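Protein chains in written order, with the numbering used here: chain G, 1 to 243; chain Z, 244 to 320.
Note that the Cβ used here is the ideal one computed from N, Cα and C, for glycine as well.
Computed from a prediction, not measured in an experiment: that's the story for all the values here.
Before any comments, here is the structure.
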Amino acid sequence: MDPVTLAIHATPAFVASAVEFVEATTIVLAVGVTRGWRAPLFGTLVATAVLAVIIGTLGVAIVTIVPEHLLKGVVGALLLLFGLRWLRKAILRFAGIVAVHDEELIYLRELAELRAQGLRRHEFDWVGFLVAFKAVLLEGTEVAFIVIAFGAAGGVALTSAVVGAIVAGILVIGPENSLKFGVGAMLCSFGVFWFAEALGMTWPGDALSIPLIVVAFVGVSWLAVRILKTVLPEGAQIEARNV
Amino acid sequence: MFKSIWSTLVGLLIEDGQLAIGALVALAVTWLLAAAGGDQTQQVVGWALLAMVLVLVVANLYRAGLVARARVSSARR
Numbered sequence: 001m002d003p004v005t006l007a008i009h010a011t012p013a014f015v016a017s018a019v020e021f022v023e024a025t026t027i028v029l030a031v032g033v034t035r036g037w038r039a040p041l042f043g044t045l046v047a048t049a050v051l052a053v054i055i056g057t058l059g060v061a062i063v064t065i066v067p068e069h070l071l072k073g074v075v076g077a078l079l080l081l082f083g084l085r086w087l088r089k090a091i092l093r094f095a096g097i098v099a100v101h102d103e104e105l106i107y108l109r110e111l112a113e114l115r116a117q118g119l120r121r122h123e124f125d126w127v128g129f130l131v132a133f134k135a136v137l138l139e140g141t142e143v144a145f146i147v148i149a150f151g152a153a154g155g156v157a158l159t160s161a162v163v164g165a166i167v168a169g170i171l172v173i174g175p176e177n178s179l180k181f182g183v184g185a186m187l188c189s190f191g192v193f194w195f196a197e198a199l200g201m202t203w204p205g206d207a208l209s210i211p212l213i214v215v216a217f218v219g220v221s222w223l224a225v226r227i228l229k230t231v232l233p234e235g236a237q238i239e240a241r242n243v
Numbered sequence: 244m245f246k247s248i249w250s251t252l253v254g255l256l257i258e259d260g261q262l263a264i265g266a267l268v269a270l271a272v273t274w275l276l277a278a279a280g281g282d283q284t285q286q287v288v289g290w291a292l293l294a295m296v297l298v299l300v301v302a303n304l305y306r307a308g309l310v311a312r313a314r315v316s317s318a319r320r
C-alpha cells in the first residue's frame, strides 16, 4: 500500500481519536478534581479493559472473518450514518444555530453536577467510577469503531489507522468544531466510497476519488452554512437534538 | 445513568431521525439501482449515492434552520 493511501486511511482515524480523547479526558479530569482520583482512574482502567476485550473479540473477528465486500457495504453504510451526524452538528455550529462545543464549559458543568451530588469519606466513590467508566467506554467505542472501519481496507491500513489514533492521543490540536467537521466530511466520503465499491463499482482512480468526494461534501456544507445564515442571520443557541 | 448511556448510544448513530432515515433510503435506492441495472449502471451508483446524500444534507439543514427560526420566534413571544 502506497504512502498516499496510508495517509488517507490514517488521517480520519487520527482526527476522530483526537476529538474523542479530549471529550473523555475532560470528563475524567472533572471527576478527579471534584471527587478524588482513585475512583475515576479505576473507572478509566476498567473501561479500557472492557474496550480491549470488545475490540479483541468482535473487532478482529469482524475484520478477519466477514467477506470483504460485505464488510465494506456494512461499514460504508455505518460510516455514512456516523459521518452525517458529525457533519450536521458541525454545520449547525458554524452557522451559529447550535452552541459551539466548549470543553471548558462542559468541564465546569460536570464539576458543578458532581459537587452537587456530594461525597462521603471512607466509601468507594461509585458515582465517580461510573461517570469516568461511561465516558471512556462510550468515547472509546466511537474511536474503536472508526479505527476498525478504516482498517477494513486491509492489515496495513489497520496499522496506519491504529498509529493515527495513538498519535492523536499524544498530540491533541486544533479547534474542536473544525476537527469534527473535517472528520464528518471524511467519514461520509469513505462511507459513500466503500458502499459503492461493495456494490461492484470501480471508482475512477480508485482511492484518488476520495479527495474529490470530500471536496463535494465540503462544498455542499459551505452552501448549507450560507443557507442557514440566510434563514436565521442572528443565530440561536439551541441543542442539536431539538432542530 | 442507564437512560443517559442509552441516549448516548442512540445518539451515536441517529441523533436526527429524519437524516438517518433519509440516508438509509438513499443507501437502499443505490442498492436497488446496482441490483436491477446492468454493468453500466453499476459503475455510476456511487455518484448517484453521493448526489442523493448531498441533496439530503442541504434539505435536512434547511429544515433545521426553519425549525430553529420557529423556536426562536416563539421564545421571543
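{"Query": "Output, in chain order, the set of chain G residues within a Cβ distance shorter than 8 Å of Ala307(Z).", "Result": "Arg88, Leu92, Ile97, Leu228 and Val243"}
{"Query": "Starting from the Cα of Thr57(G), find the closest Cα among Pro233(G), Ser17(G), Asn177(G) and Ala144(G) and give me that residue.", "Result": "Ala144(G)"}
{"Query": "What would DSSP say about Gln286(Z), mapped onto helix, strand or coil?", "Result": "coil"}
{"Query": "Excluding five sequence neighbours on each side, which residues of the same chain lie with their C-beta closer than 8 Å to the C-beta of Val19(G)?", "Result": "Glu176, Leu179, Lys180 and Val183"}
{"Query": "Closest to Met186(G) by C-alpha separation, out of Ile97(G), Ile213(G) and Trp203(G), would be which residue?", "Result": "Ile213(G)"}
{"Query": "Which of the three DSSP states, helix, strand or coil, is assigned to Pro67(G)?", "Result": "coil"}
{"Query": "Do Phe190(G) and Ile210(G) count as a contact pair if the criterion is CB distance below 9 Å?", "Result": "yes"}
{"Query": "Quick one: what's got a C-beta closer than 7 Å to Leu276(Z)'s C-beta in the same chain, skipping five residues either side?", "Result": "Thr284, Val288 and Ala291"}
{"Query": "Mind checking whether Thr25(G) and Glu110(G) have CB atoms under 9 Å apart?", "Result": "no"}
{"Query": "Determine the burial state of Gly155(G): buried for a count of at least 16 other Cβ atoms within 10 Å of its Cβ, exposed for fewer.", "Result": "Its pLDDT being 48, under 50, Gly155(G) is placed unreliably in this model, and the coordinates cannot settle the point."}
{"Query": "Determine whether the beta carbon atoms of Arg38(G) and Phe133(G) lie at a separation below 9 Å.", "Result": "no"}
{"Query": "Answer with yes or no whether the minimum CB distance from Arg312(Z) to chain G is below 9 Å.", "Result": "yes"}
{"Query": "In angstroms, rounded to a whole number, what distance separates the CA positions of Leu114(G) and Leu108(G)?", "Result": "10 Å"}
{"Query": "Determine whether the Cβ of Val272(Z) lies closer than 9 Å to any Cβ atom of chain G.", "Result": "no"}
{"Query": "In the region 276-290 of chain Z, which residues sit with their C-beta less than 7 Å from some C-beta in chain G, listed in chain order?", "Result": "Ala277, Gln285, Gln286, Val288 and Gly289"}
{"Query": "What whole-angstrom Cβ distance do Val300(Z) and Val220(G) have, given they're in contact under 8 Å?", "Result": "6 Å"}
{"Query": "When the Cα atoms are used, what is the spatial distance from Ala52(G) to Phe129(G)?", "Result": "18 Å"}
{"Query": "Looking at the structure shown, is Gly205(G) part of a helix, part of a strand, or coil, going by DSSP?", "Result": "coil"}
{"Query": "Could you compute how far the alpha carbon of Leu293(Z) sits from the alpha carbon of Trp126(G)?", "Result": "47 Å"}
{"Query": "Under a three-way DSSP split, which group does Gly174(G) fall into?", "Result": "Low per-residue confidence applies at Gly174(G): pLDDT is 49, beneath 50, and the placement is therefore not dependable, though the value from the model is reported in the following sentence. It is coil, neither helix nor strand."}
{"Query": "Within 9 Å of any Cβ in chain Z, is that where the Cβ of Thr26(G) sits?", "Result": "no"}
{"Query": "For Leu304(Z), which option in Ile227(G), Gly235(G) and Pro233(G) has the closest C-alpha, if you only look at C-alpha atoms?", "Result": "Ile227(G)"}
{"Query": "In chain order, what residues of the same chain have a beta carbon less than 7 Å from the beta carbon of Val31(G), not counting five sequence neighbours either side?", "Result": "Pro40, Leu114, Gly128, Val131 and Ala132"}
{"Query": "Just to confirm, are Gly200(G) and Ile97(G) a CB contact at a threshold of 9 Å?", "Result": "no"}
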